[in-house]
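Engineer:
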Amino acid sequence: MLDASPAVLGLGSGERVTEFMVSFGIVPSNFRQVEAPVVYCIASKWLTGGSQVVNQADVGGVHNGQWIMATSRWVTTIYKASQPLPRTGY
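Converting from the sequence shown to the working numbering requires adding 58 to each position, the first position being numbered 1.
Below you can see the structure in the form of structure tokens.
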């Protein structure tokens, strides 16, 4: 896991990460996904319930000497709980 918090990245007040890239460099021919990729994010406090954020993931690589790329886009709807969620484990 990689900590990309504002403090770790040395961001100034009001600065935010809006894009990042992961590069694996040259990999062996049997390189493949072994776990489902996950990105955890915290929504900015100024976003209100019902706000929508467009996410985009681009992936690419060279296969048989040709650059192959795919793009996926989806919308995340921000919500704010109207009441505290129930506690479990009692």
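For each residue, glycine too, the CB sits at the ideal point set by N, CA and C.
Quick one: Cα of Gln110 to Cα of Ile84, how far?
Structural biologist: Taking the straight line joining both Cα atoms gives about 36 Å.
Engineer: For Thr106 and Gly123, what's the separation of their Cα atoms in angstroms?
Structural biologist: Computed Cα separation, rounded: 47 Å.
Engineer: Output the distance between the C-alpha atoms of Ala62 and Glu93, rounded to the nearest integer angstrom.
Structural biologist: Their backbone Cα atoms lie some 20 Å apart in a straight line.
Engineer: Keeping to the same chain, check which residues put their C-beta closer than 7 Å to that of Ala101; ignore five residues upstream and five downstream.
Structural biologist: Cβ within range, chain order: Ile136.
Engineer: From the DSSP output, which residues share a beta bridge with Trp131?
Structural biologist: One detail in the question is off: residue 131 reads as Arg in this sequence, not Trp. For Arg131, which the question treats as bridged, DSSP gives the partners Gln114.
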